[in-house]
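Read through the structure below, which is laid out as C-alpha cells, and then see the notes.
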Amino acid sequence: MSEIVNVVLFSFIGLIVSLVIMVIFFKRKKQHKDFKAVIITFSIFSLICIYLSVSGIIDIMNVRNGQTQSSSGSCEIVKMDNIGGRFGSDTIFQVLVNNLTVEANYEEFSFLEEGTYSCTIHYSEKSHYLIDIEFN
1 MSEIVNVVLF
11 SFIGLIVSLV
21 IMVIFFKRKK
31 QHKDFKAVII
41 TFSIFSLICI
51 YLSVSGIIDI
61 MNVRNGQTQS
71 SSGSCEIVKM
81 DNIGGRFGSD
91 TIFQVLVNNL
101 TVEANYEEFS
111 FLEEGTYSCT
121 IHYSEKSHYL
131 IDIEFN
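By this note's numbering, the letter at position 61 of the sequence shown is numbered 61, and the numbering carries on one by one without gaps.
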C-alpha cells in the first residue's frame, strides 16, 4: 500500500512543478526560443502525472473500502534483488497467479519465500500491488 501512496504523492508533486513551469513559460513566451518544445513536453508530463494520481487515488479508496481484486490458484513467488538504478537498489517479490503478475514490497511481505504454493491473493486493481496473501 505504501508504494501506491508514494506514486500518488510524487506524481502530484510532479504535476504541480510542471504546471508552475508552464505558467512561467506562458508569461515569458516571446523571450524563450524553445517555448513550444517546453510547453508540449510539460503538457505530456502533466497528463502522465494526472493519470498516475487519479489511478492511485482510486486504488487507495478501493483498498480502504475493502474493494480489492482477488485471484486463487498456484502462486509462484519470485524474489528480485537489486532492482533499481542510480539512487539505490530495492528488493521486491513478484507473485504470479493465473497469468497475472503482482508486485509486493519486501519490507511489508518479508515473510514470503521463493517457491510455488497454493494461495489466494488480494491486490489493487489498477497498480497491481499485493495487498494480502493467504496460503491454502
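Yeah, the Cβ is synthetic: ideal placement off N, Cα and C, and Gly gets one too.
- F45: member of the alpha helix (DSSP H) spanning F35 to R64, first to last residue.
- With fewer than 16 other Cβ atoms inside 10 Å of its own Cβ, A37 counts as exposed.
- The Cβ atoms of Q94 and V78 sit closer than 8 Å to each other.
- When rounded, the separation of the alpha-carbon atoms in I57 and V8 is 7 Å.
- Counting only the Cα atoms, F26 lies some 53 Å from E114.
- Distances from the CA of I13 to each of K33, S46 and I39 were compared; the closest alpha carbon is that of S46.
- Within the same chain, no Cβ atom closer than 8 Å to the Cβ of M61 is found once the five residues on either side in sequence are excluded.
- Within the same chain, I77 and F93 come within 6 Å of L112 by CB-CB distance, once the 5 residues on both sides are set aside.
- Ranking R28, C49, S70 and I39 by CA distance to the CA of E125 puts S70 first.
- As the crow flies, the alpha-carbon of F135 is around 49 Å from that of I40.
- Between C49 and S18, the C-beta spacing is below 8 Å.
- Residue nearest to C75 within the set S118, V23, F10 and Y106 is S118 (criterion: CA-CA distance).
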